[in-house]
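Novice: Protein chains in written order, with numbering that gives the first Met the number 0: chain A, 0 to 214; chain B, 0 to 321.
Heads up, the beta-carbon is just placed ideally off N, CA and C, and yes, glycines get one too.
The structure displayed is predicted, hence computed values, not measured ones.
Take this structure first; my questions come after.
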Amino acid sequence: MAILDENVLKDTEKALQNMVKEVRLVLFTQEMECSYCKETHQLLEELLSTNKLLKLEVHKFEKDSKAVKQYGIDKIPAIAIMGEKDHGIRFYGIPAGYEFSSLLAAILLVSTGKHKLTKEGMKFMDSLTKPIHMQVFVMPTCPYCPKAVMLAHQMAYYSDKITADMVEISGFPHLTQKYSVQGVPRTVINEKWYLEGAAPEAMVMKKIEEAIKHA
Amino acid sequence: MLNFSVNLGSDADSSIVYDLIIIGGGPAGLTCGLYAARYKLRTLMIEKAPMTGGQLTTTEWVENYPGFPEPVLGAKLAKDMENQAKLFGLEIEYEDVLKVDLAPKIKELVTAENTWKARTILIATGSSPRRLGVPGEQEYSGKGVSYCATCDGPFYPDKTVAVIGGGNSAFEESLFIAKYAAKIHIIHMLDKFQADQILIDKVKANPKIELITNTVVTEFDFEKEPRKVLLKNNKTGESSELVVDGAFVFIGAIPNTKLFEGQLDLDDGYIVTDRDHSTSQDGVFAAGDVEAKVLRQVATAVGDGALAAYKIHKYLDNPELS
């Protein structure tokens, strides 16, 4: 049975018709013991039918250690959104519910290069010298979450210093403990710095500044 | 079951003057958008969240919207309203309005990305959850204190939570959280609940939910385990504690009108409108929860939106007569 219904496929096709450059979806999965691996794979297969500029590349997490290392994948299912280069945009867990839009937004971002970052934000990111890793924890039913994910991905797209993951927390219950997630969205910067809610760009930049200063 | 929601902005044109710009994409805005698009008004909606639906997106089921004898998912109802309006040509952009200039004939809205212009404006910005304003609330917001059940309910499997409030939201969302949590204490400051009787009956029939009346929360003492909500009985003055894993606050709403202060007549923060949804400013209209009125429901919001669209259409035909 199809995972995307006819209306969603139609809307998706329409949303992606503005794609300019090819986008490669690099999926990490495995056959056994992975919640939503199968569904994520099927989702991407169906997504491929909506635009010819989309390509899919599938790796087995347990076997393909070279690719796992290259893309820095530490859990599955994982999707790396690849344009002409690796911008550090990742999705961990299935991008379902409201997060499906975050996936489409990331594809369009990489394909068109269009983002909505402010001049001040870009200036700040240009000054970064150390790597920044953002993990945005989400639930598929959370309407505030895509905003945080889309912002983090745009920042990763713009800055070579920033990498950004969407992490669908229900697929990785142990991370709830590890990062004490009790509400979503929650953004974790460089493992140690936390930001609650869908914070505006300026607030995220301030948090990154803090993380750098106290690192 | 998995579902997938597509919410991406249109390619709206910021160089043109729109007939109408709707600020806010809840049921009032979406209905106004539908009607306005059918009147063939060039209409743009600007929504600050990355999807339309407003408060429909933070509730699971809607049981009192006519036409749906089986409860309808809030998110689905919102998406259907959006699709219907887009079918007739409504454009939607997901941007945050930072500044408005409502007085000139051609009104201007500034977002981080664009400056939008329109002959008329519909304000349908709704309201945001009201905060309790007690110690611990701010510090633990998102870390144990929540205002969104569909977002954070699943973090409490077999846990104990407090729900603060006595209206429809507190009761509806408690029933949702009860799907996950083992125990829910609804804490209400009065001895009577404002929720609809049908919801009160459902909650009372749910063995997981306990009702505590005449009681206010004085502090969220969440720093150390076990986490405690500190309570005070209104009648006896007696203090007590409740050990919980987290808390949800549903104590009503505050209108999203900060942008319009000084440019429109407000009453306790809500926009003062007349019966056809005109505001104190020529060419500016308001609909839905943001208006000063007595009932705030999806059903009343869609009525407000439809009537506002009619009035806007008439106004654009002949501003002098309106």
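Listed in chain order, which residues of the region 148-159 of chain B have Cβ atoms closer than 8 Å to some Cβ of chain A?
Specialist: Here the close residues are Thr149, Cys150, Asp151, Pro153 and Phe154.
Novice: Would you call the CB atoms of Gly92/A and Val166/A closer than 8 Å?
Specialist: Here residue 92/A corresponds to residue number 93 of the first sequence, with the count starting at 1. Here residue 166/A corresponds to residue number 167 of the first sequence, with the count starting at 1. Result yes, Cβ atoms of Gly92/A and Val166/A sit closer than 8 Å.
Novice: Using a beta-carbon distance below 8 Å, is Phe3/B in contact with chain A?
Specialist: Locating residue 3/B in the second sequence gives position 4, counting from the first residue. Yes, contact with chain A.
Novice: Is the region 21-33 of chain A touching the region 64-83 of chain A in the sense that three or more CB pairs, one from each, lie closer than 8 Å?
Specialist: With the cut-off at 8 Å, the region 64-83 of chain A and the region 21-33 of chain A touch.
Novice: Taking Gly24/B as part of the alpha helix (DSSP H), name the residues at either end of that continuous run.
Specialist: Residue 24/B sits at position 25 when you count from the first residue of the second sequence. Looking at the DSSP string, Gly24/B is not in any alpha helix (DSSP H), and its letter there is neither H nor E.
Novice: Tell me the DSSP secondary structure of Pro172/A in three-state form.
Specialist: Position 173 of the first sequence, counting from 1, holds the residue named residue 172/A. DSSP places Pro172/A in helix when its eight states are reduced to three.
Novice: Based on DSSP bridge pairs, tell me the residues matched to Met44/B.
Specialist: The sequence position of residue 44/B within the second sequence is 45, counting from 1. Ile21/B and Ile91/B, per the DSSP bridge assignment.
Novice: Which same chain residues end up closer than 6 Å to Pro139/A when comparing Cβ atoms and leaving out the 5 residues on each side of it in sequence?
Specialist: Numbered from its first residue, the first sequence carries residue 139/A at position 140. So the qualifying residues of the chain are Ala95, Gly96 and Glu98.
Novice: To which residues of the same chain is Gly132/B closer than 8 Å at the C-beta, ignoring the five residues directly before and after it?
Specialist: For the purposes of this step, residue 132/B is taken as the residue at position 133 of the second sequence. Excluding positions up to five away in sequence, the list is empty.
Novice: Going by DSSP, name the residue or residues bridged to Glu229/B.
Specialist: Along the second sequence, read from residue 1 onward, the residue named residue 229/B stands at position 230. In the sequence as displayed, the identity of residue 229/B is Leu instead of Glu. Note: Leu229/B sits in a beta bridge opposite Glu218/B and Glu240/B.
Novice: Report yes or no: is there a C-beta of chain B within less than 8 Å of the C-beta of Gln298/A?
Specialist: Beyond the ends of chain A as shown, which are 0 and 214, falls residue 298/A; an answer cannot be given.
Novice: Any contact between the region 185-200 of chain B and the region 78-89 of chain B? By contact I mean 3 or more CB pairs, one from each, below 8 Å.
Specialist: The region 185-200 of chain B, when compared against the region 78-89 of chain B, does not touch it at the 8 Å Cβ threshold.
Novice: Mind checking whether Pro76/A and Thr128/A have CB atoms under 8 Å apart?
Specialist: To locate residue 76/A, count along the first sequence from 1; it is residue 77. To locate residue 128/A, count along the first sequence from 1; it is residue 129. No, Cβ-Cβ distance for Pro76/A and Thr128/A is not below 8 Å.
Novice: Of the residues Leu1/B, Gly8/B and Ala36/B, which one's Cα is nearest the Cα of Ala307/B?
Specialist: The count along the second sequence starts at 1 and reaches residue 307/B at position 308. Considering only alpha carbons, the answer is Ala36/B.
Novice: Who are the neighbours of Ser127/B on chain A, taking C-beta pairs under 7 Å?
Specialist: In the second sequence, residue 127/B corresponds to position 128, counting from 1. Within chain A, no residue comes near Ser127/B; the closest Cβ sits about 11 Å away, beyond 7 Å.
Novice: Pairs of beta-carbons, one from the region 168-178 of chain B and one from the region 158-174 of chain A, closer than 8 Å: are there three or more?
Specialist: Touching, no, given that fewer than three Cβ pairs across the two stretches are closer than 8 Å.
Novice: Return helix, strand or coil for Ala177/B, following the three-state DSSP convention.
Specialist: In the second sequence, counting from the first residue as 1, residue 177/B sits at position 178. Reduced to three states, the DSSP call for Ala177/B is coil.
Novice: Could you tell me whether the Cβ atoms of Gly32/B and Thr42/B are closer together than 8 Å?
Specialist: Locating residue 32/B in the second sequence gives position 33, counting from the first residue. Locating residue 42/B in the second sequence gives position 43, counting from the first residue. Yes, they are a contact pair.
Novice: Exposed or buried, Gln153/A, counting other C-beta atoms within 10 Å across all chains shown (16 or more means buried)?
Specialist: Position 154 of the first sequence holds residue 153/A. When all chains shown are included, Gln153/A counts as buried.
Novice: Taking a cut of 9 Å between CB atoms, which residues from the region 48-64 of chain A lie near chain B?
Specialist: Hits within the stretch: zero.
Novice: Could you tell me which residues DSSP puts in a beta bridge with Ile163/B?
Specialist: Taking the first residue of the second sequence as position 1, residue 163/B is located at position 164. Looking at the DSSP assignment, Ile163/B forms a beta bridge with Ile186/B and Val248/B.
Novice: From the DSSP output, in three-state form, read off His132/A for me.
Specialist: As a first step, residue 132/A must be located in the first sequence, where it is residue number 133. Here His132/A sits in strand by DSSP.
Novice: Just to confirm before moving on: does the CB-CB distance between Gly245/B and Tyr146/B stay below 8 Å?
Specialist: For this step, residue 245/B is matched to residue 246 along the second sequence. For this step, residue 146/B is matched to residue 147 along the second sequence. No, the Cβ-Cβ distance between Gly245/B and Tyr146/B is not below 8 Å.
Novice: So Asn255/B contacts chain A; which residues on that side make the cut at Cβ distance below 9 Å?
Specialist: Within the second sequence, the letter at position 256 stands for residue 255/B. In chain order: nothing, as chain A lies at least about 15 Å away.
Novice: Let me know the beta strand (DSSP E) ranges lying completely inside the region 34-79 of chain A, each 3 residues or longer, listed in chain order.
Specialist: Runs found: 53-59.
Novice: Does any heavy atom of the ligand PLP sit closer than 7 Å to the C-beta of Leu101/B?
Specialist: The ligand PLP is absent from the structure shown, which contains no ligands of any kind.
Novice: Please classify Lys203/B as buried or exposed, where buried requires at least 16 neighbouring CB atoms within 10 angstroms.
Specialist: Residue numbering aside, residue 203/B sits at position 204 when the second sequence is read from its first letter. The residue is exposed, with fewer than 16 neighbouring Cβ atoms inside 10 Å.
Novice: Whether or not the region 59-76 of chain B and the region 91-100 of chain B are in contact is what I'm after, with contact meaning three or more pairs of Cβ atoms, one per stretch, closer than 8 Å; do they touch?
Specialist: No contact exists between the region 91-100 of chain B and the region 59-76 of chain B.
Novice: According to DSSP, simplified to helix, strand and coil, what is His114/A?
Specialist: As a first step, residue 114/A is located in the first sequence; it is residue number 115 there, counting from the start. Three-state DSSP puts His114/A in coil, outside helix and strand.
Novice: Taking the alpha-carbon positions, what's the Gln54/B to Trp60/B distance?
Specialist: Within the second sequence, the letter at position 55 stands for residue 54/B. Within the second sequence, the letter at position 61 stands for residue 60/B. Roughly 12 Å between the two C-alpha positions.
Novice: Going by alpha carbons, who is nearest to Met204/A out of His173/A, Ile161/A and Val137/A?
Specialist: To locate residue 204/A, count along the first sequence from 1; it is residue 205. Taking only the C-alpha atoms, the option nearest Met204/A is Ile161/A.
Novice: According to DSSP, what are the bridge partners of Val5/B?
Specialist: Translated into the one-based positions of the second sequence, residue 5/B becomes position 6. Val5/B is not bridged to any residue.
Novice: Can you find a C-beta in chain B that's less than 8 Å from the C-beta of Val203/A?
Specialist: Indexing the first sequence from 1 puts residue 203/A at position 204. Closer than 8 Å: no.
Novice: For a contact meaning CB atoms closer than 9 Å, what does Ser169/A contact in chain B?
Specialist: Taking the first sequence and counting its residues from 1, one reaches residue 169/A at position 170. Simply Pro153.
Novice: With the cut-off set at 8 Å, would you say Ile183/B and Glu209/B are in Cβ contact?
Specialist: Position 184 of the second sequence, counting from 1, holds the residue named residue 183/B. Position 210 of the second sequence, counting from 1, holds the residue named residue 209/B. Taking 8 Å as the Cβ cut-off, Ile183/B and Glu209/B qualify as a contacting pair.
Novice: Going by Cα to Cα distance, which pick from Glu92/B, Leu121/B and Ser127/B is closest to Ser115/A?
Specialist: Walking along the first sequence from the start, residue 115/A turns up at place 116. In the sequence as presented, Ser is not what sits at residue 115/A; that position holds Lys. Among Glu92/B, Leu121/B and Ser127/B, the Cα nearest to that of Lys115/A belongs to Glu92/B.
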